[in-house]
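Quick note on numbering: the sequence shown equals residues -22 to -1, 1 to 183 in mature numbering (1 follows the signal peptide of the UniProt record, and there is no 0).
All C-beta atoms in this analysis are idealised placements derived from N, C-alpha and C, irrespective of residue type, glycine included.
To start, the structure under review is shown below, and the notes come after it.
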Amino acid sequence: MPTFKSLAILCLLPLQALVAQAIEAPLPNYTVEDIIWDIEVFPGQERQNFTGTIQEVTRQVLAINPQWELPVANKSAPRTDMETLEKRVWTDWKTLNCGGGPYKWATANSDVIREGIEYLRGLSEDPRQRPQNRPGGCGRVSCSYNSAIWWCNDNKVLWTLDYWTDIGDGAFFINFRCANDQTRRVVGQAFTSVNWNVIVRGDKC
């Protein structure tokens, strides 16, 4: 199973081997929005903005500072148990659709998606890192090994989330309820009560 250690190795490969292909929004009439990350590349120096998935941004920043590490939350803090986490997710998410639906989305690798979820949940709760999305926009937050996590804004105004873990929780909801344990494949979409949603699907990356 690929891990984020192996993803870090990929970040060091030549850019020519990782040329990003043009991507399309997972929903019709939605636009693809760049996810913007406010990064402190060198300790104590001016922060810089980078765009893309967490994997793409990691590659960009490591090209500038090979010693850089993504800021993460306190790893020593107690982890939320599965029962509590599931109750919280059920409260925050009003609708779950498993399967490719009318858009015939391809499936993703559920193990890779789980790694992406853990990565999002581990990010520092720095207010400068809060994810934003324009009206009718979909941003690809994580994508590796052809397995992607998207978040889309169904509101008519710019929407800002409190934490990256909000997206991670939506992906967890999908992965926990929709994944096929035998094939290790998953695809689905989860909707919040405040008009934004998360999509887990196969993608090109």
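### Query
Measuring CB to CB, does W129 end up less than 8 Å from N158?
no
### Query
Can you pull the DSSP bridge partners for I127?
S120 and V178
### Query
Where do the N-terminal and C-terminal ends of the beta strand (DSSP E) with F154 fall, by residue?
Where F154 is concerned, there is no enclosing beta strand (DSSP E), although the alpha helix (DSSP H) it sits in stretches over W142 to C156.
### Task
Output yes or no for whether 8 Å exceeds the beta carbon distance between T36 and I13.
no
#### Entry: Which of helix, strand or coil DSSP assigns to G94
helix
### Query
Can you find a heavy atom of the ligand PLP that lies under 7 Å from the Cβ of R179?
With respect to small molecules bound, the structure shown includes none, and the ligand PLP cannot be examined in it.
#### Entry: G114 versus V90: straight-line alpha-carbon distance, rounded
27 Å
### Message
Quick check: the Cα distance between V19 and Y141, rounded to an integer number of angstroms?
### Response
21 Å
### Query
Thinking just about the alpha-carbon of each residue, which of P4, V172, A84 and Y123 is nearest to the one in V135?
V172
### Task
Assign I32 to one of three DSSP states: helix, strand, or coil.
helix
### Rounded separation between C116 and T9 - CA only
6 Å
### Query
Looking at C-alpha atoms only, which residue of V165, V176 and N175 is the closest neighbour of K82?
V165
#### Entry: Environment of P109 [buried if 16+ CB atoms lie within 10 Å]
buried
### Query
What does L136 pair with, by DSSP beta-bridge criteria?
According to DSSP, which records beta bridges pairwise, L136 is partnered with nothing at all.
### Query
Going by the CB atoms, is the gap between R118 and T31 shorter than 8 Å?
yes
### Query
Taking buried to mean at least 16 other C-beta atoms within 10 Å of its own C-beta, is A149 buried or exposed?
buried
### Query
For N153 versus V178, is the C-beta spacing smaller than 8 Å?
yes
### Query
With 16 as the cutoff for other CB atoms within 10 Å, does A168 come out buried or exposed?
buried
### Task
Determine the contact status of S120 and Q33, defining contact as a CB-CB distance below 8 Å.
yes
### Message
Measuring straight from C-alpha to C-alpha, what distance separates L48 and G79?
### Response
35 Å
### Query
Who are the near neighbours of Q26 in its chain, counting only those whose CB is closer than 6 Å to its CB and skipping five residues on each side?
I17 and V19
### Message
With a threshold of 7 Å on Cβ separation, who are the neighbours of F151 within its own chain once the five nearest residues in sequence on each side are excluded?
### Response
V67, W71, L74 and A168
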